[in-house]
Structures are given as structure tokens and as C-alpha cells.
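Numbering (our numbering), first residue to last: 3 to 163. Beta carbons: idealized from backbone N, C-alpha and C, even for Gly. Data block below; observations after.
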């Protein structure tokens, strides 16, 4: 729990967008993991298994609440802290536009974008977390990038190449 607690909490929060619910979900994840330890396959990486349990639990919670919009933790973690005030304002505006474009993607594309770019998982790990095959993960990531680029060009955030 100490090793993966913060990551599980952030991942749960990115789905549930409620601190208390994310804390409850994280506790439930670790309880499920503890109870399922005898079933754990050694060839599987522990963090991908824990993340998959987290994703599945959060999806179930959202389904039960009939809440279909997958929300993402907006992180003000200093991506623009080294810039001057005017540059910071511009960077924040672009960051928000990119965030809104990502949020407008269908869930299957948002999920792979977040797991790949934010959490920096590789294709194999994303496959294990989502339960989708590697080829499908690659296809979704490719399509997500294309759709995101199209949206960002249409909104004037980036110029077409």
C-alpha cells in the first residue's frame, strides 16, 4: 500500500473526481488486492495488476452512479511555473484547451491517452490494465492522437503541419 497508495489514489480520483470517494475506492482496491493475493500470477507485474483492479473498481462505481463522463484530475503541478506571468497565462490557457480536447474524446481514447502520457505506461502495461489486446491499444492510441490533433487544429491551439 505504501508503494502504490499515491498512484492508486490519483488514478481513482481521475475517474471519480471526488477526494473522499477516491479514498474509499483506494481502500477498497487494497482490500481486494489483499484478498486476491493467492490468485496473483507471478508473471504479471504487481503495479499493472493493482492499476487494473483500480480501473475496474472505478468503472463499476461510475456505472452504479450512472455517471458516464470520465473525469481527469487537473494537475497544477508546475508545468508552467518557470515562465513569466504573461507566458504562464498563455501556457495555462493552452493547457486548459488541450485538457478540454482530451475530455471531449470518447472514453476508450481518453483512457489510453491518460495511461500513456500522464501515467507513462507502455503498451504492454496499458494492455494489462485495460484488458484490451496490444494491437487494440496501439490502434486506440493512434486514433486518439489523430482525433486530438484534428480537434486542436480546429480550435486553433496548434497549426496544421
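Check, Outcome
"8 angstroms Cβ cutoff met for residue 123 and residue 131", "yes"
"Inter-residue CB distance, residue 155 and residue 139 (contact presumed, cutoff 8 angstroms)", "Not a contact, Cβ separation roughly 25 angstroms."
"Whole-number beta carbon distance between residue 149 and residue 111, since they are thought to touch under 8 angstroms", "6 angstroms"
"Simplified DSSP state of residue 7, which is helix, strand or coil", "helix"
"Of the listed residues 27, 108, 159, 136, nearest to residue 52 (C-alpha basis)", "27"
"C-alpha distance - residue 19 paired with residue 13, whole-angstrom precision", "10 angstroms"
"Residue 41 in three-state terms, based on DSSP", "helix"
"Length of the line joining the Cα atoms of residue 55 and residue 158", "38 angstroms"
"Residue environment, residue 31, which counts as buried when at least 16 other CB atoms sit within 10 Å", "buried"
"Completely contained beta strand (DSSP E) runs for the region 88-151, where each covers 3 or more residues", "none"
"Boundaries of the alpha helix (DSSP H) in which residue 62 is found, first to last residue", "48-66"
"Selection from 35, 37, 59, 29 that minimises the alpha carbon distance to residue 17", "59"
"Distance, residue 106 Cα to residue 135 Cα", "24 angstroms"
"Best match in 6, 63, 61, 102 for proximity to residue 47 [C-alpha to C-alpha]", "6"
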